[in-house]
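Participant: Submitted below is the structure of interest, expressed as C-alpha cells.
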Amino acid sequence: MSKEKRSHKAQKVIERMGKKLNRQVVGSLVACVHCGNCTDSCHYVLANPGDPTYAPAYKADRIRKFFKAHYDWTGRVFPAWVGAKSLYTDEDLEELKDTVFGKCTNCRRCTINCPMGVDYATFNRMARGLLVSVGVMPEGVAVVSKDQWEIGNQMGVLKEDYLDTLEWMSEELQGELEDPNAGIPIDKEDADIVYSINPREVKYDPRTIADAAKIFHQAGANWTMPSEGWDMTNFGLFSGDDDLGGAVARRLYEKVSELRGKKLVISECGHGYRSTRCEGQNWAQWDIDFVMESSVITMLNYIKEGRIKVDKTRNTTPVTFHDSCNNARSCGLTEEPRELLKLVCTDFREMYPNRAENYCCTGGGGAMSMSEYTPRRLKSAKIKADQLAATGAKIVVTSCHNCVDGLADCIKHYKLGMEVTQLVNLVANALVIEKKVTVPVAEPIAASDLQGRRILVTDDEPDFVTFVSTVLEDNGATVFRAYNAAEAMEIARREKPDLITLDISMPDKDGSEVFADIREDDILKRIPVCIITGQPELRKLIYDKPHRPPEGFVSKPVTEDGLLLNVKKLLKVAHHQPEGVRKQ
Amino acid sequence: MPTFTHGDVSIEVDEDGFMEDPESWNEEIAKALATTEGVEELSEEHWKLVNYLRDYWLKFGIAPMIRKLCKETGFPLKKVYELFPSGPAKGACKVAGLSKPTGCV
Chain A
-18 MSKEKRSHKA QKVIERMGKK LNRQVVGSLV ACVHCGNCTD SCHYVLANPG
32 DPTYAPAYKA DRIRKFFKAH YDWTGRVFPA WVGAKSLYTD EDLEELKDTV
82 FGKCTNCRRC TINCPMGVDY ATFNRMARGL LVSVGVMPEG VAVVSKDQWE
132 IGNQMGVLKE DYLDTLEWMS EELQGELEDP NAGIPIDKED ADIVYSINPR
182 EVKYDPRTIA DAAKIFHQAG ANWTMPSEGW DMTNFGLFSG DDDLGGAVAR
232 RLYEKVSELR GKKLVISECG HGYRSTRCEG QNWAQWDIDF VMESSVITML
282 NYIKEGRIKV DKTRNTTPVT FHDSCNNARS CGLTEEPREL LKLVCTDFRE
332 MYPNRAENYC CTGGGGAMSM SEYTPRRLKS AKIKADQLAA TGAKIVVTSC
382 HNCVDGLADC IKHYKLGMEV TQLVNLVANA LVIEKKVTVP VAEPIAASDL
432 QGRRILVTDD EPDFVTFVST VLEDNGATVF RAYNAAEAME IARREKPDLI
482 TLDISMPDKD GSEVFADIRE DDILKRIPVC IITGQPELRK LIYDKPHRPP
532 EGFVSKPVTE DGLLLNVKKL LKVAHHQPEG VRKQ
Chain B
58 MPTFTHGDVS IEVDEDGFME DPESWNEEIA KALATTEGVE ELSEEHWKLV
108 NYLRDYWLKF GIAPMIRKLC KETGFPLKKV YELFPSGPAK GACKVAGLSK
158 PTGCV
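Protein sequence lines correspond, in order, to chains A and B.
Just so you know, we're using our numbering here: the first sequence kicks off at -18 and counts up by one.
Just so you know, we're using our numbering here: the second sequence kicks off at 58 and counts up by one.
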C-alpha cells in the first residue's frame, strides 16, 4: 500500500477525499449495516434483478472501501474484516467512474428507504467530484462543465443570441395578445421578479419562455429577465464539483442583487431549483437578501390571488404528474404542483408510487449528457415505463427539464405513445385572456340571426378562436370553444352542436382525423362541418377521406362577413348584413 | 459501438442514435435516420430544415439556436415541431447527421 505503487491521479483522489469528509458524508459512510433495504428501492436494481453491482449498498462499498482504508480507524485496525481497500491504478478510477456516473442517477430514493439514514447520493456525488478533480469523467460532463465555466451557461449560448431569442418571443407574444406592452423586460431594476431559465429553453424550445411571459404579463407582474446570470441549471450538482457549483450560483445571485430584484423565480427545472435555491449558497459562500421561488409556486399564487384566470376545460386530456427527484425528495416540492394541476386540468391521475417515493425519470444526475450509459439508462427505464403506463394518462407533466427528456426517451423506447409537458404550458393554455373592448358601440339589433344556434369552434390558436367566437356570439349564437382535437371531440359528444368548425393542423391530432372521427360517429355524423384552415393545400387530407365531404371549406384569413356568410349558409339562415357592421 | 441499419444504409451511431462520423452523412442516411424519429417521408420542407442545420454545423461545428433556424428557414416555431415531433435538438439534428447536442437534452 505504499505511495509509490499508486498512480498520481489515485493519490490525488485519496488526498482530496480528506477535505470533503464532513459530518453528513462520514455519517453515511460508516452507518451502513448492509441490511438490503435499499436494494428494492433502486430502479437500476429492479430492472436488473440478477446483477448485484447495481445495489446501492454494493455501489456505496466501492467508495466506502477506500474511505475505510485511509480515513476510518476500523480499516486501519482490521482492514480485511471491514473490506478496506485502497485505489491504486487509473483503471481503478475508471471502474469507479463507471459506478458513480453510470450506475446511479443520484436520485436519493435509496436514501429515504434507509433505516440508518445513509445518504448514498451525497457521497456518490462526492466521489464524482474527486474523479472530476483529476479529469476522470464522461465526455458529456466535461463538455457541459466547460461551457458553464467559460461561457456562463451549459449550452454555450452567446449573450446576443439569448437576447435576440427573448426579443423574438416578445414579438410573438405582442402579436398574439395584440398588446405592444406584452414583451419581456430585460435588466429592469427593482423588479418584483427576476426570472431565470434553463439554456435548453432558449436554445431549442423557447415556447416555455413565451408561455411564462404570457402568464407574468396577464398577472400584471413587475418582472424582468437578466441579460447575464440567467442560467439556473448547475452542472456542479451532477459533476460533484463544488467550485463550479459556486461559480454558477454566484453569477445568478450577483445579477439579482445588482438589479435589486426582490425575488428570483426559477423555471421548472429540478436540479436547477435544488442547486440555486438549496445548495448554491453553500457552494458560493454567498448570503442573499432576496427570496427564491419555483415558478410553480408563483403560478399557483397568481391563480389563488385572482391575478390570472384559468379555464381548466381547455386541458381535458388525462394527465399524470411525475415528481422530479430534486424537487420532491430533496426540496419537498410535492403538493403545490398537484394543486396547480388540478386548477388547470380536468382529468388528473396520480402515479404510484408518487411524491418522495416516486421512481427516477432515469435521466437524472446528468445522465442525459452521458451517451455511453444510454443503453443501461433505457433498460432501467422499464420501471418508469410500467409506472407511466399504469396511470392510463395520455400526458405526463413534470416540473423538470431533465425529466422531460428522460421521460420522452423512456416513452419512445417503450412505445407508450404519451406526451410530456410542463405546468407552464398547461397554465398558459388555460389562461383566460380578456378581450379588450375597442368599439363600445352597440351592435344593431338585427345581428341576432344566429339566435339559438349552437356552434363548436375548434382551432389551436386561441386568438383565432376568440375572433370567430366573438363574431358568432355577437350574432346571437351560443359558442363552445375547443383548442385541440381531444377537447373538440369531448364537447361535440357532450353538446351535439348545430355546426362544428375545424382547423386542420392541430398539435395533438390532425383536424382531418377529427373530421373522420366525427363522420364515423353515429350521432355526430349528421352535424355539418366547416373546415377553416390557413393551409388550404391540405384539403386533400380531408377530401381523400372515404366520408361525405365537409359542408363548408373556408381559407384563412377569414373576414367577419365571410365567416357569417358561410356559417349562415350552412345553418340555412338568411344572411342580412346589418347596417353599421364594420367590414374587415 | 452500435450499428444502425435501415434498408441499404448501415452506419455507426452513438448510444443515443446520433451519427458517430457526421462527415459521412448523405441524403440516404438522412432518410434512414428520419424513420427513427417518426418521420416516414422527408418532404421539401423537411429538407429545407435539414440542409440548413447541416450547413450551419459544417460552418460552425455546433447546432444553431432555434431562433436562427426559424429566421433563416422562415418556419414558425410551431412548424418545426410539426415537421420533427421530437423537436429540433433530438429529431432534426439527428436526421441532419449532427452529433448529439450537449447538455440536458
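In this text, a Cβ means the ideal position worked out from N, Cα and C, and glycines have one as well.
In this text the structure is predicted, and so the values were computed from the model without any measurement.
#1: What would DSSP say about E148 of chain A, mapped onto helix, strand or coil?
#2: Which one of B:G118, B:L106 and B:K135 has the shortest CA to CA distance from D441 of chain A?
#3: Within 10 Å of its beta-carbon, does R529 of chain A have 16 or more other beta-carbons around it, so buried, or fewer, so exposed?
#4: From H394 of chain A to L505 of chain A, what distance separates their C-alpha atoms?
#5: Along the region 115 to 128 of chain A, what residues have a CB closer than 8 Å to any CB found in chain B?
#6: From which residue to which residue does the alpha helix (DSSP H) around K125 of chain B run?
#7: Please report how far the alpha carbon of D78 of chain B lies from the alpha carbon of N162 of chain A, in whole angstroms.
#8: Going by CA-CA distance only, name the one from A:R181, A:E249, A:L321 and A:T297 that's closest to C306 of chain A.
#9: Can you give me the Cβ contacts of G433 of chain A inside the same chain, cut-off strictly under 6 Å, excluding the 5 residues immediately before and after it?
#10: Considering only C-alpha positions, which residue in the set A:G492, A:M470 and A:I165 is nearest to P517 of chain A?
#11: Does the Cβ-Cβ distance between K550 of chain A and D430 of chain A come in under 8 Å?
#12: Please classify R295 of chain A as buried or exposed, where buried requires at least 16 neighbouring CB atoms within 10 angstroms.
#13: Would you check if there are 3 or more beta carbon pairs closer than 8 Å linking the region 111 to 121 of chain A to the region 70 to 81 of chain A?
#14: For T60 of chain B and N83 of chain B, I'd like the C-alpha separation in whole angstroms.
#15: Residues in the region 120 to 139 of chain B with C-beta within 7 Å of chain A's C-beta atoms, listed in sequence order?
#16: Could you pull out every residue in the same chain whose Cβ sits closer than 7 Å to the Cβ of K88 of chain B, ignoring the five residues on either side in sequence?
#17: Return the residues of the region 376 to 387 of chain A that lie within a Cβ-Cβ distance of less than 7 Å from chain B, sorted by chain order.
#18: Return no unless some Cβ of chain A is closer than 8 Å to the Cβ of K157 of chain B.
#19: Using the rule of at least 16 other Cβ atoms within 10 Å of the residue's Cβ for burial, across every protein chain shown, is F59 of chain A buried or exposed?
#20: Output yes or no for whether 8 Å exceeds the beta carbon distance between G347 of chain A and F216 of chain A.
#21: To the nearest angstrom, how far is it from the Cα of E159 of chain A to the Cα of A123 of chain A?
#22: Output needed for S107 of chain B: all residues of its chain with C-beta closer than 8 Å, excluding positions within five of it in sequence on either side, in chain order.
#23: Out of curiosity, what's the CA-to-CA distance linking A108 of chain A and Q5 of chain A?
#24: Got a sec, what are the start and stop residues for the alpha helix (DSSP H) F448 of chain A sits in?
#25: Taking the straight line between their C-alpha atoms, what separation do you get for G64 of chain B and T92 of chain B?
#26: Give me the chain A residues within the contact set of P145 of chain B, using Cβ-Cβ distance strictly less than 7 Å, ordered along the chain.
#27: Taking C-beta pairs closer than 7 Å, name the residues in chain A that D71 of chain B reaches, listed in chain order.
#28: Taking Cβ positions only, does V495 of chain A come closer than 8 Å to chain B?
#29: Residues in its own chain within less than 6 Å of V246 of chain A by CB, not counting five upstream and five downstream?
#30: Just to confirm my understanding: we take V401 of chain A, look at its own chain, exclude 5 residues before and 5 after, and list those with CB closer than 6 Å. What are they?
#31: With a cut-off of 8 Å, does the C-beta of R462 of chain A fall near any C-beta of chain B?
#32: Verify whether the separation of the beta carbon atoms of Y185 of chain A and P145 of chain B is less than 8 Å.
#33: Classify F496 of chain A as helix, strand or coil using the three-state DSSP reduction.
#34: Assign Y109 of chain B to one of three DSSP states: helix, strand, or coil.
#35: Opposite V291 of chain A in the DSSP bridges: which residues?
#36: For F461 of chain A, report the span of its beta strand (DSSP E) as first-last.
Facilitator: Per the coordinate set shown:
#1: Sequence index remark: in the first sequence, residue 148 of chain A carries index 167 (1-based). Note: E148 of chain A maps to helix in three-state DSSP.
#2: If you number the first sequence from 1, residue 441 of chain A lands on position 460. Answer by Cα proximity: B:K135.
#3: Start at 1 with the first residue of the first sequence, and residue 529 of chain A comes out as number 548. Counting of Cβ neighbours within 10 angstroms places R529 of chain A among the exposed residues, the total staying below 16.
#4: Counted from its first residue, the first sequence places residue 394 of chain A at position 413. Counted from its first residue, the first sequence places residue 505 of chain A at position 524. Distance between H394 of chain A and L505 of chain A, taken at the CA atoms: about 36 Å.
#5: The residues in question are G121, V124, V125 and D128.
#6: In the second sequence, residue 125 of chain B corresponds to position 68, counting from 1. Start and end: I123 to T130.
#7: On the second sequence, position 21 is the one that residue 78 of chain B refers to. On the first sequence, position 181 is the one that residue 162 of chain A refers to. If you take the alpha carbons of D78 of chain B and N162 of chain A, they lie about 48 Å apart.
#8: Sequence index remark: in the first sequence, residue 306 of chain A carries index 325 (1-based). Answer by Cα proximity: A:E249.
#9: What you label residue 433 of chain A is simply residue 452 of the first sequence in a count that begins at 1. None.
#10: Within the first sequence, numbered from 1, the residue matching residue 517 of chain A stands at position 536. Distance check between P517 of chain A and each of A:G492, A:M470 and A:I165 places A:G492 closest, using alpha-carbon atoms only.
#11: Position 569 of the first sequence, counted from the first residue, corresponds to residue 550 of chain A. Position 449 of the first sequence, counted from the first residue, corresponds to residue 430 of chain A. Result no, Cβ atoms of K550 of chain A and D430 of chain A do not sit closer than 8 Å.
#12: As a working mapping, residue 295 of chain A is identified with position 314 in the first sequence. Buried is the call here.
#13: The region 111 to 121 of chain A, when compared against the region 70 to 81 of chain A, does touch it at the 8 Å Cβ threshold.
#14: Counting from 1 along the second sequence, the entry for residue 60 of chain B is found at position 3. Counting from 1 along the second sequence, the entry for residue 83 of chain B is found at position 26. Answer to the nearest angstrom: the Cα atoms are 16 Å apart.
#15: Those would be M122, I123, R124, L134 and E139, in chain order.
#16: Here residue 88 of chain B refers to the residue found at position 31 of the second sequence. In chain order, L99 place their CB closer than 7 Å to the CB of K88 of chain B, counting only its own chain and leaving out the 5 sequence neighbours on each side.
#17: Flagged, chain order: H382, N383 and D386.
#18: What you label residue 157 of chain B is simply residue 100 of the second sequence in a count that begins at 1. At least one chain A Cβ lies under 8 Å of K157 of chain B.
#19: As a first step, residue 59 of chain A must be located in the first sequence, where it is residue number 78. By the C-beta density criterion, F59 of chain A is exposed, having fewer than 16 other C-beta atoms within 10 angstroms.
#20: The residue given as residue 347 of chain A occupies position 366 in the first sequence. The residue given as residue 216 of chain A occupies position 235 in the first sequence. One thing to note: G347 of chain A has its Cβ within 8 Å of the Cβ of F216 of chain A.
#21: One-based indexing of the first sequence puts residue 159 of chain A at position 178. One-based indexing of the first sequence puts residue 123 of chain A at position 142. Taking the straight line joining both Cα atoms gives about 45 Å.
#22: Residue mapping note: residue 107 of chain B aligns to position 50 of the second sequence, counting from 1. First, the residue type needs correcting, since residue 107 of chain B is Val and not Ser in the sequence shown. Correct list, in chain order: A87, L99, A149, V152 and A153.
#23: The residue labelled residue 108 of chain A in the question sits at position 127 within the first sequence. The residue labelled residue 5 of chain A in the question sits at position 24 within the first sequence. Distance between the alpha carbons of A108 of chain A and Q5 of chain A is about 14 Å.
#24: Within the first sequence, numbered from 1, the residue matching residue 448 of chain A stands at position 467. Element bounds for F448 of chain A: P443 to D455.
#25: As a first step, residue 64 of chain B is located in the second sequence; it is residue number 7 there, counting from the start. As a first step, residue 92 of chain B is located in the second sequence; it is residue number 35 there, counting from the start. Rounded to whole angstroms, the separation of the alpha carbons of T92 of chain B and G64 of chain B is 11 Å.
#26: The sequence position of residue 145 of chain B within the second sequence is 88, counting from 1. P145 of chain B reaches chain A at Y185, counting residues in chain order whose Cβ is nearer than 7 Å.
#27: Within the second sequence, the letter at position 14 stands for residue 71 of chain B. Result: S352.
#28: As a first step, residue 495 of chain A must be located in the first sequence, where it is residue number 514. It does not: the Cβ of V495 of chain A has no partner Cβ on chain B nearer than 8 Å.
#29: For the purposes of this step, residue 246 of chain A is taken as the residue at position 265 of the first sequence. Same-chain partners within the cutoff: I174, Y176, E274, S276 and T279.
#30: By 1-based counting over the first sequence, the position of residue 401 of chain A is 420. Once the five neighbours on either side are set aside, the close Cβ partners of V401 of chain A are V377, V385, L388 and A389.
#31: To locate residue 462 of chain A, count along the first sequence from 1; it is residue 481. Judged by the 8 Å Cβ criterion, R462 of chain A is not in contact with chain B.
#32: Here residue 185 of chain A refers to the residue found at position 204 of the first sequence. Here residue 145 of chain B refers to the residue found at position 88 of the second sequence. In contact: Y185 of chain A and P145 of chain B (Cβ atoms closer than 8 Å).
#33: Along the first sequence, one-based indexing puts residue 496 of chain A at 515. Here F496 of chain A sits in helix by DSSP.
#34: Position 52 of the second sequence, counting from 1, holds the residue named residue 109 of chain B. For Y109 of chain B, the three-state secondary structure derived from DSSP is helix.
#35: Along the first sequence, one-based indexing puts residue 291 of chain A at 310. V291 of chain A pairs with A:L412.
#36: Sequence index remark: in the first sequence, residue 461 of chain A carries index 480 (1-based). For F461 of chain A, the enclosing beta strand (DSSP E) starts and ends at T459 to A463.
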